[in-house]
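S.K.:
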Amino acid sequence: MAGPSMLPTLANEGEIVVVDRLSRNLNPYNIRRGELLILLSPLDSTRTICKRVVGLPGDIVCVDPTGQAAPSTEHVKIPRGHIWIAGDNADASRDSRTYGPVPIGLVQGKLRARLWPFPAATIFRPNMTYID
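Pasting the structure below:
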């Protein structure tokens with residue numbers, strides 16, 4: 001996984017991270033808003049992507065279909081068995097604004113921690129608040 005879509009959370013390249021692949025097998029629906037996931041790309045199943053969960057099944061997300069920083073103009077209800085994902089660097093991310101709701105079955109694991117570079121080592125925790 002390389003690229004600018006998750007800046008500043010993740011660098012373009014050169015980081016060593018811990019990915020939890022076990023929990024998806026135990027309970028694939030135990031996904032929380034704000035978690036960082038490793039997924040197969042909905043457009044190319046040979047590519048792996050990293051994105052943040054911003055919506056869960058049943059949530060309604062507000063989307064600007066143009067991808068511009070403007071008031072939301074479209075509401076999408078996330079269907080059962082799907083999630084809404086986004087890159088932290090929206091200007092450089094291909095995410096659910098392009099894919100639409102993503103099947104949970106594409107989730108390969110959860111990003112748990114960054115080990116290297118050492119000064120930036122951290123444990124990743126969900127950091128989103130749900131607005132009702």
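Mapping the sequence shown onto UniProt numbering, position 39 (from 1) lands on 39, and the numbers just tick up by one. For glycine and all other residues, C-beta sits at the position ideal for the given N, C-alpha and C.
Considering only the alpha carbon of each residue, which of G109, D59, F118, L111 lies closest to H82?
M.R.: On the sequence shown, position 82 is the one that residue 82 refers to. Comparing Cα-Cα distances from H82 to each of G109, D59, F118, L111, the minimum goes to D59.
S.K.: Return the chain-ordered list of same chain residues with a C-beta closer than 6 Å to the C-beta of V54, the five sequence neighbours on each side being excluded.
M.R.: Reading the sequence shown from its first residue, position 54 is the one you call residue 54. For V54, where only same-chain residues beyond five positions count, the Cβ hits under 6 Å are W84, A86.
S.K.: If you run the structure through DSSP and keep just helix, strand and coil, what is P57?
M.R.: Numbered from 1 along the sequence shown, position 57 holds the residue referred to as residue 57. Reduced to three states, the DSSP call for P57 is coil.
S.K.: Please name the residue in I104, N89, D64 whose C-alpha comes closest to that of P57.
M.R.: Numbered from its first residue, the sequence shown carries residue 57 at position 57. Minimum Cα distance to P57 is reached at I104.
S.K.: Could you tell me how far apart the beta carbons of T48 and L40 are, in whole angstroms, since I believe they sit closer than 8 Å?
M.R.: Taking the sequence shown and counting its residues from 1, the one referred to as residue 48 is at position 48. Taking the sequence shown and counting its residues from 1, the one referred to as residue 40 is at position 40. Contact flag correct, Cβ pair sits at about 6 Å.
S.K.: My assumption, with CB atoms under 8 Å, is that V107 sits in contact with P42. Please give the rounded CB distance.
M.R.: As a working note, residue 107 is residue 107 in the sequence shown. As a working note, residue 42 is residue 42 in the sequence shown. About 11 Å separates the two Cβ atoms, so there is no contact after all.
S.K.: Within 10 angstroms of the Cβ of K77, are there 16 or more other Cβ atoms? Answer buried if so, exposed if not.
M.R.: Stepping through the sequence shown from its first residue, residue 77 is reached at position 77. It is exposed - the Cβ of K77 has fewer than 16 other Cβ atoms within 10 Å.
S.K.: By DSSP, does I104 sit in helix, in strand, or in coil?
M.R.: Here residue 104 refers to the residue found at position 104 when the sequence shown is read from its first residue. Here I104 sits in helix by DSSP.
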